[in-house]
Amino acid sequence: MALLTVAFTVLPPDTAELDHPDASALERAVVPVATLGIIVALAGAAALLGLEKARTRSPRVVRAVWLALVAMGQLAIAVKALLNVLSQTPGPDTVIGAGMIVVALCVAVACAVEVRGPSSASPSSARVV
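When the sequence shown is numbered by our numbering, its final residue is 1333 and no position is left out of the sequence of numbers.
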């Protein structure tokens, strides 16, 4: 669902050839490279959030930075989707946009909670003396 959020919000349909028929190779390569980067970032975040092995094997700093970047990206997606929803007349697109906003915010919150780590009040971090 997060990949669809990114695809619909950030990557509009490729109309570059219609708008700019003489687009350079660099301009044509931006969309696939951005898509691949987003897929890698989200797949890494999903692994860090869902797989205990990935969580324990990755250094805390790397995990925190990775998840913080994904959270900020999801917040940017939510803002862009909100602006898109507010600029449209009510209809099916606004419902889909609202769903995208909710999903992006949920992913951002999940990443932020994981970056924050366990609170000192949680039983798993209690010290036995």
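Positions of the beta carbon are idealized from the N, C-alpha and C atoms, including for glycine.
Put residue i into one of helix, strand or coil per three-state DSSP.
| i | result |
| --- | --- |
| Gln-1292 | coil |
| Gly-1303 | helix |
| Thr-1255 | At residue 1255 the sequence reads Leu, which differs from the Thr that was named. Coil, per DSSP. |
| Pro-1263 | coil |
| Gly-1321 | coil |
| Ser-1326 | Bear in mind that the predicted position of Ser-1326 carries a pLDDT of just 45, short of 50, making it too unreliable to give a figure here. |
Rounded to whole angstroms, what is the Cα-Cα separation between residue i and residue j?
| i | j | result |
| --- | --- | --- |
| Ser-1324 | Val-1317 | At Ser-1324, the pLDDT of 44 sits below 50, so the modelled position is not reliable and the matter cannot be decided from this model. |
| Glu-1231 | Ala-1238 | 11 Å |
| Ala-1314 | Val-1234 | 29 Å |
| Gly-1321 | Arg-1259 | 11 Å |
| Pro-1294 | Leu-1287 | 13 Å |
| Val-1299 | Glu-1256 | 35 Å |
| Ala-1249 | Met-1304 | 18 Å |
| Val-1319 | Val-1266 | 10 Å |
| Ala-1245 | Ala-1272 | 11 Å |
| Ala-1302 | Ile-1242 | 21 Å |
| Leu-1253 | Leu-1240 | 20 Å |
| Val-1289 | Arg-1261 | 40 Å |
| Pro-1236 | Arg-1264 | 30 Å |
| Gln-1292 | Ala-1268 | 36 Å |
Decide if residue i is buried, meaning its Cβ has at least 16 other Cβ atoms within 10 Å, or exposed.
| i | result |
| --- | --- |
| Ala-1330 | Since pLDDT at Ala-1330 reaches only 47, below the 50 mark, its modelled position is unreliable, and the value read off the structure follows with that caveat. Classification of Ala-1330: exposed, given that the 10 Å Cβ count is below 16. |
| Ala-1229 | exposed |
| Ala-1285 | buried |
Looking at C-alpha atoms only, which residue of the options is the closest neighbour of residue i?
| i | options | result |
| --- | --- | --- |
| Val-1274 | Val-1306, Ala-1247, Ser-1291 | Ala-1247 |
| Ala-1251 | Ala-1282, Leu-1279, Trp-1270, Leu-1240 | Trp-1270 |
| Val-1307 | Gln-1292, Ala-1268, Asp-1297, Gln-1278 | Gln-1278 |
| Ala-1312 | Gln-1292, Leu-1290, Ile-1281, Gly-1301 | Ile-1281 |
| Leu-1309 | Asp-1297, Leu-1290, Met-1276, Gln-1292 | Met-1276 |
How about residue i: is its Cβ closer than 7 Å to a heavy atom in the ligand GDP?
| i | result |
| --- | --- |
| Val-1306 | Inclusion of the ligand GDP in the displayed structure is not the case, the ligand content being empty and no account of it being possible. |
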